[in-house]
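Residue numbers (the working numbering), protein chains in the order written: chain A, 6 to 444; chain B, 6 to 444.
Structure, rendered in structure tokens:
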């Protein structure tokens, strides 16, 4: 049998090891999804404590159903290692490493690059490699492929196959998890397509193949750019509405009564999480290489960058109504995760506001039932406080930054002296005049 | 009984005349919807030929089901007049006049102003007035009200009541017509709300009341700004994708496999119709009055303004591949309405492209089964041609500008020498290399 048929045969017999590079919120659920189907999975991560937890059967990603993880661990089909030379044991490698931005908002490709070097060095001929990390179109063909070919001395399409298949993980989504979210698959060539469909078909219910990796890369960017642009639009309209004495949340709810051609987005203190604030700027980066400026993403980025400062101003003017300066005032933030009912603080706009407000001399504290402590982007550790009547009552201003469903909003509003609400948390609360400032 | 109770009583007994000012694609369907419920409707229009057609029982709005119109006409509950003094016969007046932009993209409020002057002059005390024309927030309170009070000498909230209730007409929509599209109602005050709900409740199945006219005004602008921004985004990504050898239509179809958080928009030669190209600029206008610049609308407008020129360039470079100049080439456009399967050419981007291409010396013709002839924005009359093999075959370039479902695309592509496709019309057609240029 030639290399292609050997791989296809191994997949058909479920007799292969799938290597998963990067055991974060994308890689670990995917590893569990394969392991649950009886496929041997070997996870790789530079972080020894994650590897250790996986090997000890301890789950650290809240979106993975505890039973699934336990079952995968019990079947001994899931193992992890920090030793990347063991990539030689795998027939398929799926790369789920971070693709952050550096502080100048340029793609930081170091994680992908390191993964490619490791793969190129250690993989055997006849390996299928799929990238899931969100990145700019052309990455798989023009960035991955040359590094792997250089490091391995092997030839793409003959000795190994490439694919881009974007992760669509939505932290906290109760309905759509790794296995039941339709998955776009962008293989490079017909053999890669056959392998990709057979392999992913083991663990994922619905696959949507496209004609090339670059199409799949663009799909993911489109999905998240759509969200960035629409959140920025509604944030901008929220700021204007504030000036015009219009409640933007009432507007959005009413617009939702249109039965076609509208999807609701809500304003807030800015855009958080691992995807939406980042992905569009990957596209902006590659577009410049094609002498193309992306007007819409640029405009959306401007608004998003401004939002934490606008919220800071709201707080300052709320305090001003009480004849207080921000400098020396006690400000309590409620919620630091970037969306409700999860513990994820990546790119959380709440932290940006807290940093700015603290820099202006405010005495800042926060409460978040999901986040006992967290680091801000300057590496400063923040520790949460308990939510007592004393904590609320002694604050000069209480700020709703995340709309966790467990917050007792009526009680908080009643107990607080002054409230700034960036999430329409108070919507159902009768408001004493001049006490609550909404975005 | 006081004025308010008299009106409510008349509505309850269906014993009133509803005046509808403006008998276009919004006013006439609304008139029919009321007349079908046995309410006497008197339509007003400055255009004598429209009034004449209504009085003769002739329908000129293709979205009105023929049976509905005939029934309304037969019941004699629908009549029309050019004599605005007859507004004195009405208890409720609904204003459905155009709100265009002037050629500097500023709101042209003359139709609303004229309607208000007529209403103020002729209405009787105890009249309810609702505006449906899309306009900037604050129009009802700060533009309508002062004109009507000045002209009538009457007092809003005492002698008459005001409301803003945006039309949501979607030309060509087979499912949602006037009566079954949920309607946002933004009354000024509690009495106006009671009247508005009772009155509109006669003809419209679902009403969604909001707290003020300005909220309702913003709802409509948000709905259409959402569309403008998203169409502009996908047009911009289409242009970039063209440079990157990515088929943007394949990208959009694949992104649609995401089961949440995405709504598909499609690229095209620009934005047309009576709403989307106009409404956001009404908001931009009023925002300037609040010292506020709308970054997203501005960016979207830039892209939209450029699209017809980008399409012209596509045509020029397609011809260039055949070593032909645009000057002197025969170019056949297929479709001039702004969306498929309707006859509406308002703000149609096809006409803008045709104008530009003709200006560069091309011999331009068009075919559109729904539009035998039409005027462009400079008042030039264009007459359509028949779609024969001779017409197609003799063109140096055939351009798909509207994707009417009746076009026999495979045959057209086969017969043509060169095709520029701005709508993905050729999607299912096997393409000879170098013959079809897609956006």
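C-beta: ideal position from N, C-alpha, C; glycine also.
Neighbours of residue 230 of chain B in chain A, taken as residues whose beta carbon is under 9 angstroms from its own, are 238 and 242 in chain order. The closest CA to that of residue 299 of chain B, considering only A:240, A:336 and A:281, is found on A:240. DSSP places residue 300 of chain B inside the alpha helix (DSSP H), whose first and last residues are 300-326.
Beta-bridge pairing by DSSP links residue 370 of chain A to A:337.
At least 7 angstroms separates the beta-carbon of residue 221 of chain A from that of residue 194 of chain A. Residues of chain A with a Cβ closer than 7 angstroms to the Cβ of residue 316 of chain B do not exist, since the nearest Cβ in that chain sits about 17 angstroms away.
Judged by DSSP secondary structure, residue 417 of chain A falls outside any beta strand (DSSP E) and instead within the alpha helix (DSSP H) spanning 414-420. The residue among A:174, A:173 and A:159 with its C-alpha nearest the C-alpha of residue 167 of chain A is A:159. Within a 10 Å sphere around the beta-carbon of residue 390 of chain A sit fewer than 16 other beta-carbons, which makes this residue exposed. For residue 278 of chain B, no chain A residue has a Cβ inside 7 angstroms of its Cβ, as the nearest lies near 12 angstroms away.
By alpha-carbon distance to residue 366 of chain B, the top candidate from B:331, B:399, B:377 and B:343 is B:331. Against residue 112 of chain A, chain B offers no close residue; the least beta-carbon distance is about 16 angstroms (beta-carbon pairs closer than 7 angstroms).
Straight across, the Cα-Cα distance linking residue 354 of chain A with residue 309 of chain A is about 9 angstroms. Under the 8 angstroms Cβ criterion, the segment 29-38 of chain A counts as touching the segment 58-77 of chain A, having at least three qualifying pairs. Residue 285 of chain A: not part of any beta strand (DSSP E); member of the alpha helix (DSSP H) spanning 284-294, first to last residue. Contact between residue 110 of chain A and residue 295 of chain A fails: their C-beta atoms lie close to 18 angstroms from each other, not under 8 angstroms. Under the three-state reduction of DSSP, residue 134 of chain B is assigned to strand.
Looking from the CA of residue 336 of chain B, the closest CA among B:379, B:349 and B:368 belongs to B:368. Unbroken alpha helix (DSSP H) runs of no fewer than 4 residues, entirely contained in the segment 248-289 of chain B, are found at 253-260, following chain order.
Residue contact with chain A for residue 308 of chain B: present (Cβ-Cβ distance below 7 angstroms to some residue of chain A). The segment 7-27 of chain B makes contact with the segment 129-149 of chain B, as at least three CB pairs between them are under 8 angstroms.
Per the coordinates, the alpha-carbon of residue 293 of chain A lies some 12 angstroms from the alpha-carbon of residue 141 of chain A. Going by beta carbons, residue 41 of chain B and residue 73 of chain B fall inside the 7 angstroms limit. Residue 210 of chain A sits close to residue 184 of chain A, with the two beta carbons spaced by under 7 angstroms. Here the alpha carbon of residue 156 of chain A sits roughly 17 angstroms from the alpha carbon of residue 88 of chain A. Shown here for residue 387 of chain B: same chain residues with a beta carbon closer than 6 angstroms to its own, the five before and five after excluded, namely 379 in chain order. Fewer than three beta-carbon pairs drawn from the segment 16-25 of chain A and the segment 52-60 of chain A are found closer than 8 angstroms, and the two stretches are therefore not classed as touching.
By alpha-carbon distance to residue 186 of chain A, the top candidate from B:205, B:264 and B:232 is B:264. Taking one beta carbon from each stretch, the segment 313-326 of chain B and the segment 395-409 of chain B have 3 or more pairs nearer than 8 angstroms; the two touch.
If you compare the alpha carbons of A:154, A:432 and A:279 with that of residue 105 of chain A, the shortest gap goes to A:279. According to the DSSP secondary-structure assignment, residue 71 of chain A is paired through a beta bridge with no residue.
At a cut-off of 7 angstroms between beta carbons, residue 267 of chain B contacts chain A.
Per DSSP, the continuous alpha helix (DSSP H) segment holding residue 124 of chain B begins and ends at 115-127.
Counting only runs of 3+ residues, the beta strand (DSSP E) found wholly inside the segment 168-213 of chain B occupies 188-192, in chain order. The C-beta distance from residue 44 of chain B to residue 85 of chain B rounds to 15 angstroms, too long to fall under 8 angstroms, and the pair is not in contact. Leaving aside the five residues that flank residue 273 of chain B on each side, the residues in its chain whose CB is nearer than 8 angstroms to its CB run, in chain order, 236, 240, 312, 354, 427, 428 and 444.
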